[in-house]
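Residue numbers (my numbering): 11 to 245.
This is how it looks when you write it as structure tokens:
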């Protein structure tokens, strides 16, 4: 009888310990692919599964960044300084923090980066939940030409789908013409306007403030739309 009671007690203790651990809602998201000179946001959606408020600590314990790379925690638009590898947050019972990210500025370094995070209730490091992430940083790849005239040659946007930034390579042949690219939603509402000056050959599109979904970009020459292509935004 005493042996059965001991086993039952150990099982109850194990269940209690597991119940105290936070839940990482997006734990399956462990692999990312991006390009250099990009800003990658790695989500850390933590849920308090207990019936009491908990103070959780999120710590980066592994991941050496290159000289041109930066990494830091952000909660919505509030970010810690690069090099501060620990973030703490009080989470209410049943609440999920969905705006927490580890932001990686990929810089000019290509290759594979491995990051390891520990998530635990304050004072319970031994019960930490581990989360391993791999990031493949590749060189930017030019896309195929999508429009050519006596005034301009323009390539397709890349990367597409895009998270935060995309690029369009072009060559303006006629310096006297006004060229610009406008991003608009499916209703035709402009979401961004970018000039294509003759002294440049690449334009950078900022999409970090756009909600995920389907958009379009249109090339205008002297205010006449000559090309429209699809742009997909994913977060």
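Every residue, glycine too, gets a C-beta built ideally from N, C-alpha and C.
Predicted model only: the values in this text are computed from it and were never measured.
Cβ contact annotation for residue 182 (same chain, cutoff 8 Å, sequence separation greater than five): 161, 162, 189, 206, 207, 208, in chain order. For a cut-off of 8 Å, the C-beta gap from residue 145 to residue 120 is around 11 Å, too long to register as a contact. Of the residues assessed, residue 215 falls on the buried side of the cut-off, its CB having 16 or more other CB atoms within 10 angstroms. Residue burial annotation: residue 233 is exposed, with fewer than 16 other C-beta atoms found within 10 angstroms of its C-beta. The three-state secondary structure of residue 210, taken from DSSP, is coil. Taking C-beta atoms as the reference points, residue 177 and residue 228 fail to come closer than 8 Å. Across the set 65, 133, 85, the C-alpha of 85 shows the shortest separation from the C-alpha of residue 112. Going by DSSP, residue 189 is part of the beta strand (DSSP E) stretching over 189-194. DSSP, reduced to helix, strand and coil, places residue 136 within a helical segment of the structure shown. For residue 169, the secondary structure class from DSSP, reduced to helix, strand or coil, is coil. In the DSSP assignment, residue 239 falls within the beta strand (DSSP E) that extends over 234-243. By the neighbour-count definition (other C-beta atoms within 10 Å, threshold 16), residue 193 is a buried residue. At the C-beta level, residue 53 and residue 39 come within 8 Å of one another. Leaving aside the five residues that flank residue 196 on each side, the residues in its chain whose CB is nearer than 7 Å to its CB run, in chain order, 224.
Cβ neighbours of residue 156 within its own chain (closer than 8 Å, five residues either side excluded): 164, 165, 166, 237, 239.
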